[in-house]
Structure formats: C-alpha cells, structure tokens
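S.K.:
2 protein chains.
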Amino acid sequence: MTSKSEARPHDDTPAATHAFLQDARTVDVALWLSGLKPDARERHLAALAPARRATVFGNLPLNMQVKLARKMPSADLARIVTAMDADDRVDLFNRLSEDDQTGLVAQLAPEHGEDIRRLSSHPEECAGAIMTSDYAVLEAGMTAEDAIAALRRQAHGAETIYRSYIVDADHRLAGSVRLHALILAAPDTPVTQLMESAPVSVTLDTDQEDVGKMIARYDLLAIPVVDAEGRLVGIVTHDDAADVMQAEATEDFQKISHVLPFKQSMREAGIGVLYSRRIVWLALLVFGNLFSGAGIAYFEEMILAYVSLVFFLPLLIDSSGNAGSQSATLMVRALATGDVEMKHWRSLIVRELSVAAALGATMAAVVFPLGAWRGGADVALTVGLTMFVVVLIGSLVGMSLPFLLSRLRLDPATASGPLVTTISDATGVLIYFSIATLILSP
Amino acid sequence: MTSKSEARPHDDTPAATHAFLQDARTVDVALWLSGLKPDARERHLAALAPARRATVFGNLPLNMQVKLARKMPSADLARIVTAMDADDRVDLFNRLSEDDQTGLVAQLAPEHGEDIRRLSSHPEECAGAIMTSDYAVLEAGMTAEDAIAALRRQAHGAETIYRSYIVDADHRLAGSVRLHALILAAPDTPVTQLMESAPVSVTLDTDQEDVGKMIARYDLLAIPVVDAEGRLVGIVTHDDAADVMQAEATEDFQKISHVLPFKQSMREAGIGVLYSRRIVWLALLVFGNLFSGAGIAYFEEMILAYVSLVFFLPLLIDSSGNAGSQSATLMVRALATGDVEMKHWRSLIVRELSVAAALGATMAAVVFPLGAWRGGADVALTVGLTMFVVVLIGSLVGMSLPFLLSRLRLDPATASGPLVTTISDATGVLIYFSIATLILSP
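Residue numbers (the working numbering), protein chains in the order written: chain A, 1 to 442; chain B, 1 to 442.
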C-alpha cells in the first residue's frame, strides 16, 4: 500500500478530497472525517471502497461509529463489521441497543456472530473485554515448516503473526514462539523445541490496567489471555494496551481534579456530560466546608479582636491544601504505575515526615515576616507556627489517604483530592485559631 | 529460553535463590535485585553468566546502573555495555562522568564506541535521544529472498526484524516492509514492490511526546528516525515510546499538583529531591496570596461589621479554585494527548461558558440557604451571587490559561495550577467583598 503523509486534503477541490480519501492512511482519513459535519462524513464514507470503508470506520471515535451504525441498513453494517478487527467490532457491538445487536448478528456469518457474542460477554475493563480473537495459533506437534505453513494460512486474519501461541490438544496454552525463531530454525525442528514455555499470560478477569502494566514490564508485542482452565481464548496487543494505559491516566487526571471520570473526548463531550461530571464533587465539597465554617463561627470573638488574622486565612488553608495535593497526587500516580505498592507505606510515611517538616519550616520562615509586618510579633508567631503544623498535617494526610483508600479497596484517585481539601481546610481553621487563642489571649 | 513465572525466589534458601537467578525472566530478576541491599545486589549480579548479567543489568533502574558502573572495573563494564541494547547503553553513558565515559569508550570495540558517541550527541527528550541504532535495514535492489537472507544475518542485533526499512544508495529512507510480506511473496519479488513507500517517520529533533503520539495514532511497532537529509539514522520502538508516554503523563501529574518534575521513582527519590521539587511553588504561592491578603485588608471595616462573611470565605475561594482546577486539568490533559489542539479554543471557551454558568448557578443554589441560616437574606444574596461569579470566573480562567500558555510557547501543565489558584483566590476575595459592599452597605 502506498500512503501519502498528508493528514488532510491538499485543498478544497473535489479532486484533492478524492485523492486524499483514496490514498491517505486510513487513520488520517478517519481523523479528518471526524472533524466534518455528520452528513459530509456519511457521504465521504459511503464513497469509499468496502474494505477501506471498514478500516476507516473502525478508526473513527466510538461515539461516531455508534451514530453511523444506527442510521445504516443492517446489511451494510454487517459488511463493515465483518471486516473490522475482532476487538473493535465488540466495542461497537456493546454500545448498540439490544434490537440493533440482534439485527446485526442475524446478518453476520454464524462464526462471526458467535465470536462477537462470546467476546461481548466479558465484564468491562478486564482482559476479556479488550482482547481480540484474531491471534495465530499453532499445535504442539508441528515442526517449524508446518508452523510457517499454518501461519501463512492464518496471516490474513491474525492481528500479529510475529508471536504465535502453541496449544495442546485441549487448547491449553503451552508456549509461544517468535516468527523469527521459526524462520531461523531447520525446517524439521519441532516447535516445542523453539517455543518459550510458560509465557507470561493473564486471565479473562485480569484488570485492564494490570494487563497494560505486564505488557510494559516485559516489553511484549501481545499478551495471551487464558480462561480458568488455562485454555487460550484471546490476546491483548501492545497498541490496545497502550491505549488503555493512556485512558487510565486520563481518568486519574479527571479524578484528582475532582471530576467524575468520563470517556468522551474533550472535544466531543457535551455540556450535560461536563456539567454532571463536575458538579458532584463541587457541591459535596460545600458540605465538607461546613466543618471549617463551623470552626470559624466558634472563634468569632477571636476574629473580632484580631481581624488581621483573617488576612492569613486563605494563605494557610491554601498552603496546607497544596502540600496535601502534592503528596496525594504523587502517591496516586506512583500506585497507578506500580512504582509504589501497599507494602511500601511505612518507609514512605517516615520519609514524608522529614520532607513535610522541612517544607513546613521553610514556609513558616517565609510567612513569619509577613505576620510581623501585618500584626506584630505575636501574630507572626501564630502564623508561623500554624503554617508549620498545617503543612505537616496536609502532607501526611495527602500521603496516607491513597494508601488507606487502597487498603479499603476503594480507588485512591477518586476520593483523595476532595478529602485532602476538606480535611486540610477543617484542621487548618481549627489549628490556626487554637494556636491564636493560646498565643494571643490575654 | 525456558522461563518460570515466579517474580521472586520460592524461599530464602541459597538453592531457591540460585534457581531464580538462573531461570526467571530477566525483568523479574532485575526487579527483585533492585529491592535488595547494594552489596547483595552486586554479589548476585556478579554470579550471573555474562550475557544474562548484561540483560539483567540493562533492566535495573538507571540510577542503580550508574552506581554499579562507577564501582566496576571498566573492562567488566565494557563487556556488559557491549551486550546491552543500543538505546539503554546510551542512557547509561549519558549519566557517567566525562572520565568514566572516556574510560569506557577506550575499552569498547571501535564501532560501538562511535555508535555510543553518535547516539549520545542528540539533545534530551527528542527522537534522537530515545532511538536505537539496532534496526534491520534492506537495500532497494534486493528481492524477497535476498531480504530474508539479509534479515537472518541482522536478526541477532536488531531490536525488531518484523518491520525492516529500505534505503537507497545514500541511505535515505525509501520505504518499509513487513517480514510477513517478505515471507508470503514469491522469492524473486523485488522488495520495492512489497514495501510501503513514504512510511510515517520522525526527524532527530522531533519531541519525544510527539514520537509517542505518532506511534499510538498509527499503531506502529516502531517508527524510523531520519536526519535533515532524510537519511535513516535509527528507530524508536513501541515499548520505548510507551515508556515515554508514561513518563510524560507522570510529569504532567507532578506539574498540575504544583511539583517541579523529577524523573526518579517515588520509592527512590530522596528527601532532598522531594523537598526541592515541592518547595518552589508552595513558597511562590505565598506571594500570590499577598494579593488576596491585600484585598482582605482593604475590606477590614466590612469584615468587622459582618463577621459572618468570614464563615464563607474558605468555601467561596475553594469552590472557585476547584472549578478552575477541574477545567485546567481537563484542558492540560486534552492538549497533552492531542485530543484538543490550539485551533479548538474558541468553541471550547463558548461551551465552557455554558457549563460554568450551570455549575455556578447550582453552587449558588446550594450555598444560598446556608447564607440565609448564618446571616439572613442579605448575606444569602451576597454569598449566592458571589458563588455564581467566582465559579464562572474560576472555570473560564482554568480553561483559558492552558491555551494562553501554549500560545506563549510555555508548558501549559507547569504554570496552570499555581496561576489558577492565585487568580481565583485574589479575584474571589475582591468580588466577595465588593458584592458585600454593594448589598450590605447601609
């Protein structure tokens, strides 16, 4: 296939558009189509040759695939779906209504219908849901020559033949072999002599994030997925695993900034989606704030006597919250990448104590002259001491919460951010005015 | 190679340790060794067979490699370095002192010495710095049969032979071909007929994040790197690109939580590193806070007259900051993944205006009864109105800043977080007490 490197038509002429649609990389065509108005997209897509149309269609964002699929006659859809990769096919299938699913399966060849039903039966976010059934399989009794012949027959359907999997008579995974090794070997070498036995594998219910971590750790092209009996049922390829890791990181970004996770692209997400994903924590944090508000109400007398204390309130609360969110984010990310595990919590807390004390001391030194300037020595002492304590507490809370939430089998990313904010606010107010009472009260 | 799936020795006996060191996957051995005390690590490493020692060594964290390398006789180090992948070799080389570099190059075979010098000359964080010179190359005049024979000769050194690159007489990249295609073709087919011409490629100075995005977009195994004249100089493989994307995401997590980026693992980073990376923004934010403090000082009279206003101050400032950090984080991430580009800013700001207005209205409705409870109708109106305005402003600032910083060729992730905090604090205080003055002043 000859492919040009332009990612859009040269100019607006029909000829340039036609040339682009015919010759450009299918990924680029899909990307360009996804920026067009729906009817232009449909028209250009319909004009493509069937095989190319299927590939371009498979590269469109899932939401668009679903919208297009709903409008399409089911025979047309079946032709496209048949030509798609098995895993992309299932992603689309899972988003269709039950009626559309039934209509589609009726139009598919029986083996594709069964495959799609089987793949779509696995729970989301697990190996079973992101695997593909397009893998190359060899039998344990084959020679290198048999194996290459078998791969030639499977080459068209399989996502990769660079690594193929060897199964026993019960389809249990026995090993894997590189195309590399088959080609370099003498033709009559048994594949069992060339294979790596006990290859790294995952089970159907392995979390997709762990699948991604395994592929990254062992630098794999693909990882085999086995069922409870050890039978090979699919593979997850490196590109899909990389997509999963990207999506999981995006989800963690959303969570630590107090946004409920959503899967749409930021460009496509509607006002309703963004509103509903953002309002929940914003509103809940109002109630968290009642604690700090109550603290302030309790110390009303003190505030009236020393109104300059209010000057430092946002600063102290922000500093505590910032220190806490630093620790929490570092920990959430380290847990997500596997850099840190539960068992490390003790040594990390000890280290955090030193880091936080140093941060708190520095911040106290920075804020002390400001306190002296605004309110004299007593206020300076109050503000400096408070700063030290709240930065220390904020950091320790920020570091501990992700571990604690993991321990309770909750997602550390979801709740760490809001809880750190609420806890550092409430303790900040209490500590500030308590210290003020101690130092400033006559 | 037979490999067991245990990631650590069965038990503490020397026999179990020996079996693990001999048979386990090199990645797992390296991972296990990296958890040991330095002298135990050195001892076990020294006991490994040379080839295996080199692979295990290459899988250790870079910091440990450097420490081990410093202690090792340079002849031993040269043996290990020769057996390492070209890109891992350069990463290590770049971290050595100039004396150690010279000592090492003197011990290497001339072609390795030149290769290492050439690879290490490229600026960091670019394609040139993460590429490897271990790629399979074919000449344009070859047939499929010639090509397979050439690949057999190169198979040992190349990181992948599944995709090989075809160059002209000047070593300019002409196309790429899959092993797949070579095997399925008739032996006398010219490779130029089988190749994909004008393959996706990057240049030496392409940013590593863009390299990762290209590999992900086109689902590549590897991407060729060319110099300014279009000559093939290396490839970046999918596993290294995935590592880069992970590292870049981690860096963005650090930046948005006000931490200057650092590359060490969270487990290994020392107190000094963590302190220095965290204190900078914490301390700078104190000065940002002077603005809100000045605002509070200006409105001291108002506060003394209506002390219940202080009750809502943390809540209003937090809500504005939270709404701002939601928008900023979503934008920073969308810009980093390529989901959103500069050209989309206009439509996104318009949408954000609606989302922010809805968020602000909801938050105002939530806080209104609290205001009525604490201070009556006027305070309720003041607090509700302020909440609407500060959430709106926070969101718009959060969404606009990443675009603005990108426009100014600054990193949107670095400054968005702290700026959002400072701006939403300062404007929050001013707006709150200005509205209070309007509504509450007699």
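Yeah, the Cβ is synthetic: ideal placement off N, Cα and C, and Gly gets one too.
Would you verify that the beta carbon of E300/A is, or is not, closer than 8 Å to some beta carbon of chain B?
M.R.: yes
S.K.: Applying the criterion that 16 or more other CB atoms from any shown protein chain within 10 Å of the CB defines a buried residue, is S347/A buried or exposed?
M.R.: It counts as exposed.
S.K.: Just reading off the alpha helix (DSSP H) that V367/A is part of, what are its end residues?
M.R.: 345-407
S.K.: Do you know how far the Cα of A140/A is from the Cα of D168/A?
M.R.: Looking at the two C-alpha atoms, the distance is approximately 6 Å.
S.K.: Are any of the Cβ atoms in chain A nearer than 8 Å to that of A323/B?
M.R.: By this cut-off, A323/B is an interface position.
S.K.: Using DSSP with H/G/I as helix, E/B as strand and the rest coil, what is G157/A?
M.R.: coil
S.K.: Could you say which of P14/B, V332/B, V81/B lies nearest to R267/A if we only look at CA atoms?
M.R.: Checked all of P14/B, V332/B, V81/B; the closest Cα to R267/A is V332/B.
S.K.: Check whether the Cβ atoms of I450/A and M195/A sit closer than 8 Å, and answer yes or no.
M.R.: There is no way to answer for residue 450/A, as the model of chain A reaches only from 1 to 442.
S.K.: Keeping to the same chain, check which residues put their C-beta closer than 6 Å to that of S424/A; ignore five residues upstream and five downstream.
M.R.: S320, G321, G324, G394
S.K.: Taking the alpha helix (DSSP H) that Y432/B belongs to, which residues open and close that run?
M.R.: Note, Y432/B: alpha helix (DSSP H), 412-440.
S.K.: Can you tell me whether F93/B is buried or exposed? The criterion is at least 16 other CB atoms within 10 Å of its CB, across all chains shown.
M.R.: buried
S.K.: In this structure, how does DSSP classify H340/A when only helix, strand and coil are distinguished?
M.R.: Just to set this straight, residue 340/A is Val in the shown sequence, not His. In the structure shown, V340/A sits in coil (DSSP, three-state: anything other than H, G, I, E or B).
S.K.: Cβ of H10/A less than 8 Å from any chain B Cβ?
M.R.: no
S.K.: Are the beta-carbon atoms belonging to V310/A and V286/B less than 8 Å from one another?
M.R.: no
S.K.: Looking at the structure shown, is Y306/A part of a helix, part of a strand, or coil, going by DSSP?
M.R.: coil
S.K.: Whose Cβ in chain A lies nearer than 7 Å to the Cβ of Y432/B?
M.R.: Simply none; closest approach about 11 Å.
S.K.: What does A86/B reach in chain A if we use C-beta pairs closer than 9 Å?
M.R.: Neighbours of A86/B on chain A: none; closest Cβ ~15 Å, over 9 Å.
S.K.: Please report the Cβ distance between L173/B and G128/B, rounded to the nearest whole angstrom; I am assuming they are in contact, meaning their Cβ atoms lie under 8 Å.
M.R.: Between G128/B and L173/B the Cβ distance is about 15 Å, and since that is not below 8 Å, they are no contact.
S.K.: Would you say D219/B lies against chain A (beta-carbon separation less than 8 Å)?
M.R.: yes
S.K.: Below 7 Å on C-beta distance, what does T329/A contact in chain B?
M.R.: F253, S257
S.K.: If I measure Cβ to Cβ from I148/B and keep anything under 6 Å in the same chain, skipping five residues before and after, which residues do I get?
M.R.: Here the set comprises L182.
S.K.: Check D168/B in the structure and name its three-state DSSP category.
M.R.: coil
S.K.: When DSSP builds the beta bridges, which residues end up paired with R89/B?
M.R.: BP columns for R89/B are empty, so no partner.
S.K.: Suppose the cutoff is 6 Å on Cβ atoms and the five residues either side in sequence are ignored; what does the same chain contact list for G295/B look like?
M.R.: V429, L430
S.K.: Ignore the nearest five residues each way along the sequence and tell me which others in G398/B's own chain have a CB closer than 6 Å to its CB.
M.R.: G324, S327, A328, V420
S.K.: Where does T515/B sit, in a helix, a strand or coil, going by DSSP?
M.R.: A query on residue 515/B cannot be resolved here, the shown segment of chain B reaching from 1 to 442 and no further.
S.K.: Tell me whether A15/A counts as near the ligand FAD, meaning its Cβ is closer than 7 Å to at least one heavy atom of that ligand.
M.R.: This structure lacks the ligand FAD; in fact it carries no ligand of any kind.
S.K.: Return the residues of the stretch 162-190 of chain B that lie within a Cβ-Cβ distance of less than 8 Å from chain A, sorted by chain order.
M.R.: Y162, L179, H180, I183, L184
S.K.: Can you look up G234/A in the DSSP assignment and give me helix, strand or coil?
M.R.: strand
S.K.: What is the residue span of the beta strand (DSSP E) that Y135/A lies within?
M.R.: 135-139
S.K.: Does the CB of V366/A have a neighbour CB from chain B at under 8 Å?
M.R.: For V366/A, the answer is yes, since a Cβ of chain B falls inside 8 Å of its Cβ.
S.K.: Report the CB separation of P199/B from G175/B in whole angstroms; it is logged as a contact under 8 Å.
M.R.: 6 Å
S.K.: Per DSSP, which residues does P190/B bridge with? Please list them.
M.R.: T143/B
S.K.: Within 10 Å of its beta-carbon, does T13/B have 16 or more other beta-carbons around it, so buried, or fewer, so exposed?
M.R.: Taking every protein chain shown into account, the CB of T13/B has fewer than 16 other CB atoms within 10 angstroms, so this residue is exposed.
S.K.: Using a C-beta to C-beta distance shorter than 7 Å, which residues of chain A count as neighbours of A149/B?
M.R.: Neighbours of A149/B on chain A: none; closest Cβ ~11 Å, over 7 Å.
S.K.: Do M131/A and V236/A come within 8 Å of each other at the CB atom, strictly closer than that value?
M.R.: Yes.
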